[in-house]
Amino acid sequence: MALPSFNWWGKGSHKGTPVVVTMENPNWSMVELEAPSESDFQTSTVTQEKARGKNAKQLTWVLLLKAHRAAGCLTSVASTLFSLGSTIRRRVISGQTDNNDSTPSTENKTVKTRFYNCIKAFLWLSLLLLGFEIAAYFKGWHFGAPKLQLQYIFTAPFGVRDLFDGLYTRWVLIRVGYLAPPLQFLANVCIILFIVQSLDRLVLCLGCFWIRFKKIKPIPKQDAIVDLEENGFFPTVLVQIPMCNEKEVYQQSIAAVCNLDWPKSKILIQVLDDSDEPTTQLLIKEEVHKWQQDGARIVYRHRVIRDGYKAGNLKSGMSYSYVKEYEFVAIFDADFQPAPDFLKRTIPHFKDNEDVGLVQARWSFVNKDENLLTRLQNVNLSFHFEVEQQVNGVFINFFGFNGTAGVWRIKALEESGGWLERTTVEDMDIAVRAHLHGWKFVFLNDVECQCELPESYEAYRKQQHRWHSGPMQLFRLCLPDIIRAKISMWKKFNMIFLFFLLRKLILPFYSFTLFCIILPMTMFIPEAELPAWVVCYIPATMSFLNILPTPKSFPFIVPYLLFENTMSVTKFNAMISGLFQLGSAYEWVVTKKSGRSSEGDLVSLVEKETKQQREESEPNLDETKTDILREQKSRQKKHNRMYTKELALAFLLLTASARSLLSAQGGLELGWLPNENFGRRGLAESSVHCLLSSRFRF
163 MALPSFNWWG
173 KGSHKGTPVV
183 VTMENPNWSM
193 VELEAPSESD
203 FQTSTVTQEK
213 ARGKNAKQLT
223 WVLLLKAHRA
233 AGCLTSVAST
243 LFSLGSTIRR
253 RVISGQTDNN
263 DSTPSTENKT
273 VKTRFYNCIK
283 AFLWLSLLLL
293 GFEIAAYFKG
303 WHFGAPKLQL
313 QYIFTAPFGV
323 RDLFDGLYTR
333 WVLIRVGYLA
343 PPLQFLANVC
353 IILFIVQSLD
363 RLVLCLGCFW
373 IRFKKIKPIP
383 KQDAIVDLEE
393 NGFFPTVLVQ
403 IPMCNEKEVY
413 QQSIAAVCNL
423 DWPKSKILIQ
433 VLDDSDEPTT
443 QLLIKEEVHK
453 WQQDGARIVY
463 RHRVIRDGYK
473 AGNLKSGMSY
483 SYVKEYEFVA
493 IFDADFQPAP
503 DFLKRTIPHF
513 KDNEDVGLVQ
523 ARWSFVNKDE
533 NLLTRLQNVN
543 LSFHFEVEQQ
553 VNGVFINFFG
563 FNGTAGVWRI
573 KALEESGGWL
583 ERTTVEDMDI
593 AVRAHLHGWK
603 FVFLNDVECQ
613 CELPESYEAY
623 RKQQHRWHSG
633 PMQLFRLCLP
643 DIIRAKISMW
653 KKFNMIFLFF
663 LLRKLILPFY
673 SFTLFCIILP
683 MTMFIPEAEL
693 PAWVVCYIPA
703 TMSFLNILPT
713 PKSFPFIVPY
723 LLFENTMSVT
733 KFNAMISGLF
743 QLGSAYEWVV
753 TKKSGRSSEG
763 DLVSLVEKET
773 KQQREESEPN
783 LDETKTDILR
793 EQKSRQKKHN
803 RMYTKELALA
813 FLLLTASARS
823 LLSAQGGLEL
833 GWLPNENFGR
843 RGLAESSVHC
853 LLSSRFRF
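Sequential numbering of the sequence shown, starting at 163, is according to our numbering.
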């Protein structure tokens, strides 16, 4: 029985072959599907041709639009490069570079530019070699090209070509026979140092993991806590705040220290002001006077003869007769803000531990997320505190004093010789001498003291220069004392090899030499090779380990790796200056502060002052504060400087990368080795013979 057909697509009839679908269930409807007819195919073909024509026009317009955008991008890039070049030229002429720094410096200009001239020499040499290699590439001096004869379309006339071939042959002879062996030897030495330092870093990380797994941390004795909380036994504490022209942060540090939770009769605060600016001295004096009226035991001390930088300042503070009445001394730099319970969490660790000379707290940073520079500094310092200092404090009871946020037993300071002005790292100096006298150190990773990170590269670079030149000065001075000290051989080995040589000397040496000098040179001297695991895998693994204490910084692992390469210039220069007693080794520049920490938790502390006290103490300082604000605004308007050493190193690495790309496109490489019985000359001649035979084969 034939079923009626239903036309679902239109009124017209179709002559296609019907397809009938039968449903057994009577409640379901039946539909007849028809196959398309020939007319349908003809109509669809015409429609498709029209659509193709329309699509072709649309594609043409899209391509034209993209071409227009590409031309606009090229124009903008050209204008950007032109403006960048004019800006660089203008800043060089106006002296806005690190070679024309306005900061007073004791360094000789000849010494200051010597390191920069060495980097420039390597840069010009690499540019010369790159041009030489490019010329050789276009003349066919390379393997891997299937049709070497096509390279001759770029060659010069025959006589010039023969002259170039002779020069390039000589260059290959010199490179293979005389340059590659010493470069390979130096590379192997740096690789060994790199492996040793990486193993040390790995051991420190394993120690940190073990501390976390076992939940190891210094715990004060129970009776010490009972003495404080129940018996009210509080030892006498002297608090010192050394500062020098730090008008941006003096208020918050004084406020934080004056609000320490400790009986006022058992604490004395010394504000050791080394400022040479009269306005800054006036402001700090007025702040001290305000807190004196509020009942705090605080005194202001200013030196007339400002010798010895911070060490001389602290030594002057310890010279007063009333210091003998105090058992401990806590030190806070001008930008540090201890919590009110700081002393209650540190002092108990001295109870019944007569051999403990120092209790060090960890730093935390109020501006760690301010910019990329502060984020990368946070990575480095977090690893330093949580891994290096915590592991050394738990297992060997020795680490370098950080210069602030720590409490010393005054007896330990006196027995160790007190503060000395012989280096720019007086904190490390007193720590080494105290350890040689048998004193132990305690590091508290769970006690934090807020401070501020340098927010400009200029301030950070000067800080790092001091931190890396001072240890080398100290090593030269302390080495005889370490050898003669009556301590175990393990402690001597740890202090000489691990603490000084490996972490203070070898680390900046191989970081700069291996990755900033040898690696670029191997691009131009391919016979000296660096394994891929040295260039890529181990540095990536070490960077991963460094970022572990700050998991939120993992997105910045690549900038961190590049940042460490950049800073290796400053650190290597500082290390050499300190090791050989150059002029910059004795340079001390106070790290610039922005005062951002004053916007934090200490606002509530400052608000405790009454309006009457402010009106009585500040009427004469309104104009001074206005001048200071104007000065800060003028500093913010200052142009960014151009750092010539870092830029020269960047161009050196860029040139080496261009040579590497040339090699990847089939550049000249020596991928074979002759018989081991060949001498150096034989190796070079055989290599050149192989190259020449490949060069002239059609």
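From the three backbone atoms N, C-alpha and C, an ideal C-beta is built for every residue, glycine too.
Beta-carbon proximity list for residue i, same chain, < 6 Å, skipping 5 on both sides
i      : result
Glu610 : Arg524, Ser526
Gly562 : Met590, Ala593
Ser631 : Ala736, Ser739, Gly740, Ala747
Arg337 : Ile687
Gly474 : Glu583
Leu368 : none
Ser756 : Glu617
Member of the options whose CA lies at the smallest distance from the CA of residue i
i      : options                        : result
Gly479 : Glu487, Gln359, Arg463         : Arg463
Thr732 : Ser673, Ser481, Asn407, Thr398 : Ser673
Lys754 : Arg459, Gln626, Lys428         : Gln626
Leu364 : Pro642, Leu341, Met704         : Met704
Ile687 : Val334, Phe284, Gly234         : Val334
Thr728 : Ala574, Leu538, Leu823, Leu744 : Leu538
Pro440 : Val461, Ser427, Val466, Leu707 : Val466
Val720 : Pro711, Phe734, Cys698         : Cys698
Asp869 : Ile649, Ser819, Ile387         : What is shown of the chain runs 163 to 860, which leaves residue 869 out entirely.
Gly394 : Ala417, Gln413, Lys426, Asp495 : Lys426
Thr744 : Ser650, Thr275, Asn533         : It is Leu, not Thr, that sits at residue 744 in the sequence shown. Out of Ser650, Thr275, Asn533, Thr275 has the C-alpha closest to the C-alpha of Leu744.
Phe512 : Ile460, Ala574, Asn542         : Ala574
Lys648 : Ile572, Gln612, Ala596         : Ala596
Cys280 : Ile353, Ala810, Arg623         : Ala810
Pro633 : Glu548, Asp503, Leu660         : Leu660
Residue j beta carbon less than 8 Å from that of residue i
i      : j      : result
Leu692 : Ala349 : yes
Ile679 : Leu355 : no
Ala297 : Phe277 : no
Asp115 : Lys383 : A query on residue 115 cannot be resolved here, the shown segment of the chain reaching from 163 to 860 and no further.
Leu405 : Asp438 : A quick correction: the sequence has Met, not Leu, at residue 405. Their beta carbons are not under 8 Å apart, which means Met405 does not touch Asp438 by this criterion.
Ile381 : Ile403 : no
Thr586 : Trp750 : yes
Glu620 : His599 : no
Ile509 : Val569 : yes
Ala492 : Val401 : yes
Leu444 : Tyr412 : no
Asp517 : Trp601 : yes
Ala818 : Pro682 : yes
Phe671 : Phe734 : yes
Distance, residue j Cα to residue i Cα
i      : j      : result
Gln635 : Trp629 : 11 Å
His546 : Thr566 : 15 Å
Lys472 : Trp581 : 9 Å
Leu615 : Phe347 : 40 Å
Leu390 : Thr398 : 12 Å
Ala342 : Leu292 : 17 Å
Arg638 : Arg665 : 15 Å
Val528 : Thr536 : 10 Å
Gln499 : Leu366 : 29 Å
Gln774 : Asp362 : Note that Gln774 scores a pLDDT of 41, beneath 50, so its modelled location is shaky; the value from the coordinates is reported in the next line. Each residue's alpha carbon lies about 59 Å from the other.
Trp695 : Val351 : 16 Å
Glu408 : Leu345 : 48 Å
Glu448 : Ala496 : 16 Å
Ala283 : Thr675 : 15 Å
Same chain, Cβ closer than 7 Å to residue i, neighbours up to 5 away in sequence not counted
i      : result
Phe605 : Gln522, Gln551, Gln552, Gly555, Phe561
Gly328 : none
Ser360 : Ile700, Met704
Thr712 : Asn540, Val541, Ser544
Leu824 : Glu295, Ile296, Tyr299
Assigned secondary structure, residue i (DSSP; H/G/I helix, E/B strand, else coil)
i      : result
Pro701 : helix
Pro425 : coil
Ile738 : helix
Ser526 : strand
Val351 : helix
Met405 : strand
Ile709 : helix
Gln455 : helix
Ile558 : coil
Arg468 : coil
Ala492 : strand
Cβ-heavy atom distance, residue i to the ligand FAD, below 7 Å
i      : result
Leu639 : The ligand FAD is not part of the structure shown, which contains no ligands of any sort.
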